[in-house]
Every structure is written in structure tokens, then in C-alpha cells.
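Asks: In the working numbering, the protein residues as written are 436 to 1082.
Note that CB positions come from ideal geometry on N, CA and C, so glycine has one too.
Keep in mind the model is a prediction, meaning the values are calculated, not measured.
Input: one structure, supplied below.
Right, here's the structure in full:
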């Protein structure tokens, strides 16, 4: 299981070459305090024989005086290296460990479980391919479990293993394991965790860590180590969009000018046409130089030097891209921000922003809301405190060249630096493009909360009277997704099922509203926003009348969706993301809209020529490609029932 090989004794050069070309997996362990994160890593290192003899001796001696295993061997001491960590039995800083097996190389980040060290956890997760979220089988899903799961989703980690630890303390109960799995799934349905797995383990004793456990014969799945060695991460890297931020211009003599840097995404070959941003000058790649010599192909995350056929002025902070595939450029973006400093983040204050190789001043222009990472509720705020997460619009003193974070983690992220102390005070993940002043003005002309019309009710009939009459509480369910995702079909099925069950329900969708109330609107970003604004007021009126409103709209912009929620009333507004892939949506397109968008006839078409922003924390995620319309409709109705709007 370990990286030990006969080649070490027979052919060391062959062994080193084999080791060099192993695939690297970066992963983090996270979860609540005392869930066993450090113990798990120590067990992985011990069972895979990755600890040196002097380390083992030190751990064995420390286990007697500082361990938490009753004097027995305590694997947690392999990673808790700080004096304060060993004294308190907790992880404070991010501890990185490196090891390899015959199949892969690994970098583990052991992240803290305490709420006050959330910023450290976010730091460790920022570069991870996979997250191992530990849950104590005795306690189940805790607040900190939800907190870390939300951050994992926010940071775009696609592969998640929920390791249900300390199974030995619940007598290896299959029933308890399944209860925790079901509890976590119901919570995770609101997050973007596309590849989710569950493994029951005992990190202290090694059950299902490296070797299969004889104590849990009912579990037929993979061990944790086997999963880490085999999980497929090849498709996680963005190899479509070539992005090369220039870090340094290498000019050793008059005959050589090379642009040095690390490829953020994509693939490049000599002879391909490229463009330098922001000047937009074009040329072709003459050669790709490395320390070992020129190569015929380079891809992320290689560090290379590009030479061009033409003399083009480019310097640090510029970006080289393909001519037909350029990132967005703007001086204002929307972003999710994790605040990492004791001093609160203040909108309007000037900070330094480091994006790729470019550092420029700017400020937090407006703070839309902060997210309670325990409940996923959003609330207005004037500033962000330490470890808080919020959505904001950021204004830079010059343009940056970027992609959405979920498309490209390297060009979609930035850090915030205090100009005086030079300390990193925050990190941001870009959600969308530039903010359109015209689009924003429509909503800002009116109150951001639900209209006040007699305590939100019509005439002299009160809300309690209507609830008593209809046997339900009013709610608006927004089904949002790409064109062709199945939103309207799911909405119609929900309306039919609820009506047949005796509920007072109404269904509205973008196409119906455009035939009447929004007949004067087109499909620009501005007009889509206005269409949803009018529809939100319609939904608010239907809710005031005591009805359940099912609303199916593309609604591609998260900020606009939030404003719609404020108009309807946040306590009676649910967001369901119909996350059908764009490829399936294209196959379902009977009107040829995707083909027209590809041909440039439809501009600002979400998913092709415009961005569709995935909801930050939807109440439910559906996939109408893998599940039937009936099953999706049942899931929506279950959500309405679980939230107490119907019995």
C-alpha cells in the first residue's frame, strides 16, 4: 500500500521518474471539534507506513503524557505539532502532510474544527481537490459540520467523502450510520456537492481506513484509502480556457524575449494564435521553453516561458489568452467574500486586491448580505466580522481579466490585502461579470423588502383567516435553471399534484408572463431582471391571497434572485435549482435557441453567451436528466411540507 518499491534498490532513477509522474491529489479533513480529523490522518500515515521511526518513537512517548487514547498509541499527535495543540488536544493551524502510495501522491491539509479558526479551514480548502468531512457517530451532524460543508461547497470542491467516525463507540451500528447519512443528505441537498460519498470508519482503530473492517460486514463499499487512490479528478481541471497570467518578462539578451508564468487553465501549443490583454494585440506562440528545454505542449499547472512570433509589449499583470476564447474584463465584479481579519471589513475603505499576478487598489462598493453558515440564511449587514461570509460588489481602480470562480478557480479568485499592515484580510470568489447600472436602478427605485400593504394582506381579510380557510401557509417556490432544464414541466407537475390534493395553488413562468405583463420586454440582462421584478410582485400578491405560487424562471443572476426574495418576503420564498446540465438542455431545445446563441444571433443567452449563476445556497437541487419529472415534483412538494407550509 505504501510508496515503497523494489525499484528503490534496483534502479533509483527509474523509481524517481515513476514517482515524479504520479498524479497528485490534494485533500483536506474538516468537521467539528473532536470528530477525529488529526487521528484519521495519523492513522493513514501509520497504516501506509509513512512515519519514520523517530517520529513513531516521539508519538509513542507523547501518547502517554499528552495523548487522548488512554495512554495507547494516539495517531493524532502525528499532525498536531504545535505545543498549544498538544496541550489542548485540538488543531489550531492548518497542518500539511505529504505521502504517497503506489498509485498517487497526496498532500493532506488537516484543518481546525473550532469556529474561531474558520479562516484557517477556508485557507486549507482553497487548493483542495477533495474534502473528507468527519462526523462523530455519537453526535451526528453538528453546526460546525454544516459550516464546513457550506465552505467546501462555496470553494467549489467537487468530491466530498463524509467519513462517519468512531463507529466503535456506537457498536458499529448500521442503523446509526444510515440515520446520519440521511440527515446529512437532507442538509446537503441545498449545497453544490456533485460527488458525495459516505464511509463508516474508526480512525483510532483503523476500521475501513486502509483495510476493510471485519466489524462492519454490512458495509460493502470502498475503504477510505482505496477511494483516495481511485477517485477520478482528471476532469476537474479546466483544459478548455487557456489563461496565462504573465508573472515576469525574461529578457537575457537582445535576441530573446520570453513571458514567464504558471498556466492557470487550458492547453497551449507552438503555432497557436494568442491575444495579450488588456492591449488585445495578437500573435502566435513561437516556442514553449522550460528548464529542461522546449516542449510541444503545455497545460495547467505547468510553469513555462512563452515566446511569441511578434514583438508585443506585455508585462506582469497582463494575461495571454486564445484570440477566440477571452475572459471577461471589468473593473466591478460580484463576489463571495470570506473575511479573515480581526478588524471588520468596511465598505468604501480602500484595500489592495491581488488577482492572478496583478495587484491593484479598490474597495468593497456595496455589501449585499452576509450568510449565516449554520442555517444558510441571508441577512442584511453593514460590515463583515472575522470568519463571516457575505456577498458584495467590488470596485477596482482598473480592469481585471477573470472567469467565474466555478468555471476557473485560478482566474476567479482574489485575496484582499490591508494597505498599511500588508496582511491578507480576506479572500473573494467571483460570481459574475460587471454590474450593470441600468439593471440595478429598477430595483433600487423601490424598497428592497416586501411591499407594506396593511401588514402584507389584502383588504380586511387576515393571513390567519386565509391559512385557516385553505389549510396552508402561502409560499413562493422559484424554480431556476437553464433554458430546457425542465423547470416548467416540474412546475406544472407540482401544480397538478397540489391542486389534486385540495391545495390553493397557482403556477407562473417566464413565457406566460412575457405574453402579457412583460410583453414589452426582450431577453437582455436588463429585461430579464425587469421581468423577474414584475413577476415577484405578482407572486407577492398571490401569496397575500393565501395561495401557493410555483414560479419557473431562468432567473440567471443571483443578486436579482435575492431582490425577488425581498419583494416576496424572505420567510416565504424558496429557491429550487434545476441543475440539468447544459448538454442535456441543448438536446431538449426544440426552438433552436442554443443553436442561435452559438451562431451569435442570440446575445446574452444564459449558458452560452451569458453567465448563469448557480444559486449560492438553494433550498433544493434537482436534476431533471437523472430523475423523472414526477420524482422532481414530489421532491418539491416534500420541501414545502418539510418547511411547514402544508401539512
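What residue ranges within the region 556-612 form continuous alpha helix (DSSP H) runs of no fewer than 4 residues, ordered along the chain?
Replies: Listed in chain order, they are 578-589.
Asks: Helix, strand or coil, according to DSSP, for residue 468 in the structure here?
Replies: coil
Asks: Would you list the one or two residues that DSSP bridges to residue 760?
Replies: 757
Asks: DSSP on residue 862, reduced to helix/strand/coil?
Replies: strand
Asks: Quick one: complete beta strand (DSSP E) runs, 3+ long, within the region 652-720?
Replies: 678-680, 683-688, 691-697, 708-712
Asks: State yes or no: is the C-beta of residue 742 nearer than 8 Å to some heavy atom of the ligand HEM?
Replies: As presented, the structure is devoid of all ligands, the ligand HEM included, so that no description of it is given.
Asks: Buried or exposed for residue 873, going by 16 or more other Cβ atoms inside 10 Å?
Replies: At residue 873 the pLDDT is 41, less than 50, meaning the model places this residue with poor confidence and gives no usable figure here.
Asks: May I ask you to list the residues that DSSP assigns as paired with residue 1066?
Replies: Per DSSP, residue 1066 has no beta-bridge partner at all.
Asks: Kindly provide the ranges of any alpha helix (DSSP H) runs that are 4 or more residues long and lie completely inside the region 981-1015, ordered along the chain.
Replies: 993-1003
Asks: What's the gap between the Cα of residue 998 and the Cα of residue 976?
Replies: Each residue's alpha carbon lies about 16 Å from the other.
Asks: Tell me the rounded alpha-carbon separation between residue 521 and residue 466.
Replies: With a pLDDT of only 40 at residue 521, under the threshold of 50, the placement of this residue in the model should not be trusted; the figure read from the coordinates follows. Approximately 19 Å between the Cα atoms of the pair.
Asks: Between which two residues does the beta strand (DSSP E) holding residue 829 run?
Replies: 824-837
Asks: Considering only the beta carbon of each residue, do residue 1004 and residue 904 sit closer than 9 Å?
Replies: no
Asks: Between residue 993 and residue 1048, which are expected to be in contact by the criterion C-beta below 8 Å, what is the C-beta distance as a whole number of angstroms?
Replies: 4 Å
Asks: Determine the burial state of residue 1061: buried for a count of at least 16 other Cβ atoms within 10 Å of its Cβ, exposed for fewer.
Replies: exposed
Asks: If I measure Cβ to Cβ from residue 605 and keep anything under 7 Å in the same chain, skipping five residues before and after, which residues do I get?
Replies: 572, 573, 611
Asks: Output the residue ranges of the beta strand (DSSP E) runs that lie fully inside the region 748-818 and measure 3 residues or longer, sorted by chain position.
Replies: 754-757, 763-774, 785-790, 793-807, 812-814
Asks: Given a cut-off of 9 Å, decide if residue 837 and residue 825 are closer than it, judged by their beta-carbon atoms.
Replies: Residue 825 is not a Cβ neighbour of residue 837, given a cutoff of 9 Å.
Asks: Within a Cβ cutoff of 8 Å, which residues of the same chain sit near residue 575, ignoring the five residues on either side of it in sequence?
Replies: 614, 615, 618
Asks: Are there 16 or more other CB atoms within 10 angstroms of the CB of residue 452, so buried, or fewer, so exposed?
Replies: exposed
Asks: From 751, 761, 769, pick the residue whose C-alpha is nearest to that of residue 795; which is it?
Replies: 751
Asks: Here's a check: name, in chain order, each residue in its chain whose Cβ is nearer than 6 Å to the Cβ of residue 783, leaving out the five neighbours to either side.
Replies: 798
Asks: Following the continuous alpha helix (DSSP H) through residue 821, name the residue where it begins and the one where it ends.
Replies: Careful: residue 821 lies outside any alpha helix (DSSP H) and carries neither H nor E.
Asks: Check the C-beta distance from residue 804 over to residue 851 and give it rounded, since I have them as a contact under 8 Å.
Replies: Contact flag wrong, Cβ pair sits at about 18 Å.
Asks: Roughly how many angstroms lie between the CA atoms of residue 962 and residue 776, to the nearest whole one?
Replies: Rounded to whole angstroms, residue 962 to residue 776 spans 39 Å at the Cα level.
Asks: Between residue 478 and residue 644, is the Cβ-Cβ spacing less than 9 Å?
Replies: yes
Asks: Taking C-alpha atoms, which residue in 978, 1020, 922 lies nearest to residue 987?
Replies: Of the candidates 978, 1020, 922, the one whose C-alpha sits nearest the C-alpha of residue 987 is 922.
Asks: Mind checking whether residue 584 and residue 624 have CB atoms under 9 Å apart?
Replies: no
Asks: With DSSP collapsed to three states, give me the class of residue 540.
Replies: strand
Asks: Relative to the C-alpha of residue 716, which candidate in 756, 649, 839 has its C-alpha closest?
Replies: 756
Asks: If contacts are defined as beta-carbon pairs under 8 Å, then residue 607 and residue 660 qualify, I think. What distance do you get, rounded to the angstrom?
Replies: Residue 607 to residue 660, Cβ: 19 Å. No contact.
Asks: Sorted by chain position, which residues of the same chain lie with C-beta nearer than 6 Å to residue 996's C-beta, five sequence neighbours on each side aside?
Replies: 990
Asks: What are the complete beta strand (DSSP E) segments, minimum 3 residues, inside the region 1019-1081?
Replies: Qualifying beta strand (DSSP E) stretches, in chain order: 1055-1057.
Asks: When DSSP builds the beta bridges, which residues end up paired with residue 534?
Replies: 541
Asks: In this structure, how does DSSP classify residue 461 when only helix, strand and coil are distinguished?
Replies: Correct three-state label for residue 461: strand.
Asks: Exposed or buried, residue 687, counting other C-beta atoms within 10 Å across all chains shown (16 or more means buried)?
Replies: With fewer than 16 Cβ atoms within 10 Å of its Cβ, residue 687 is classed as exposed.
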